[in-house]
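To start, the structure itself, in structure tokens.
Chains as they are written, first to last, in the working numbering: chain A, 57 to 171; chain B, 933 to 1043.
Written as structure tokens, this is what we have:
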């Protein structure tokens, strides 16, 4: 089974621009969660999508948004980029149900640098 | 709101020595606790979860609800255990795909 795939792996943007990151979950997984990882704040939850609906949301400004498609692939968008948005963005997929096997599998991440 | 604290940012031990990575949490309900590990140049991966009550790569962790702790232990550390370790919590109710992570502990095992 292919793992969680994130594209692109690296991105360089300038302040004020917007960016879209993509995540393809493991086949059969219907839930995708996004996290921001920085040296100062560690891993912070952004949001989770399940069956094309946002099911959970973290404490990030509205500039951070996401969506999920019918094939469970997910995108996150950051508008009006700020220097502080420079981070590694991780996505994780899971089946999405309440069964005991429902654990999160992580992608390799997208490294975003904002100049 | 839930919180996970890993008090040690760095931990160094010698090969063959016991190792304990500490994790404390605050949450009023019944949480599900995990340990994730990230080896150099690899993605974050699950090491173990408390409901499985299993030993993975010689590591064990017991959930202590009285002390709100979920410490990770291994009796004899190996060099290949050197990695970043994260403790994570999933709250009950509608938390589904939301994990709250600690700040992580970098474990270095010296030969």
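We put the CB at the ideal spot given by N, CA and C, even for glycine.
Inset, instruction - Determine the closest residue to residue 1004/B out of 1022/B, 1012/B, 1043/B and 982/B, with distance taken between C-alpha atoms. - result: Looking up residue 1004/B in the second chain gives position 72. It is 982/B whose Cα lies nearest to the Cα of residue 1004/B.
Inset, instruction - Output yes if chain A places a C-beta closer than 8 Å to the C-beta of residue 1029/B; else output no. - result: Position 97 of the second chain holds residue 1029/B. For residue 1029/B, the answer is yes, since a Cβ of chain A falls inside 8 Å of its Cβ.
Inset, instruction - Would you decide whether residue 66/A is buried or exposed? Buried here means 16 or more other CB atoms lie within 10 Å of its CB. - result: On the first chain, position 10 is the one that residue 66/A refers to. Exposed is the call here.
Inset, instruction - Return the CA-CA distance between residue 1012/B and residue 72/A, expressed in angstroms with no decimal places. - result: For the purposes of this step, residue 1012/B is identified with residue 80 of the second chain, where counting begins at 1. For the purposes of this step, residue 72/A is identified with residue 16 of the first chain, where counting begins at 1. Spanning the two alpha carbons is a distance of roughly 43 Å.
Inset, instruction - Would you please verify whether the beta carbon of residue 124/A is less than 8 Å from any beta carbon of chain B? - result: Looking up residue 124/A in the first chain gives position 68. Output row for residue 124/A: interface = no.
Legend entry - Nearest-angstrom Cα separation, counted from residue 150/A out to residue 83/A: For the purposes of this step, residue 83/A is taken as the residue at position 27 of the first chain. For the purposes of this step, residue 150/A is taken as the residue at position 94 of the first chain. Straight-line Cα distance between these residues: approximately 10 Å.
Inset, instruction - State the Cα-Cα distance for the pair residue 953/B and residue 1037/B, rounded to the nearest angstrom. - result: Mapped onto the second chain, residue 953/B falls at position 21. Mapped onto the second chain, residue 1037/B falls at position 105. About 7 Å.
Inset, instruction - From the DSSP output, in three-state form, read off residue 1034/B for me. - result: Residue mapping note: residue 1034/B aligns to position 102 of the second chain, counting from 1. Looking at residue 1034/B - three-state DSSP - the assignment turns out to be coil, as it is neither helix nor strand.
Inset, instruction - Give me the Cα-Cα distance between residue 945/B and residue 1006/B, rounded to the nearest whole angstrom. - result: Residue 945/B sits at position 13 when you count from the first residue of the second chain. Residue 1006/B sits at position 74 when you count from the first residue of the second chain. If I take the Cα positions, the gap works out to 11 Å.
Inset, instruction - Can you grab the Cα-Cα spacing for the pair residue 128/A / residue 70/A, in whole Å? - result: Residue mapping note: residue 128/A aligns to position 72 of the first chain, counting from 1. Residue mapping note: residue 70/A aligns to position 14 of the first chain, counting from 1. The straight-line gap from Cα to Cα measures roughly 30 Å.
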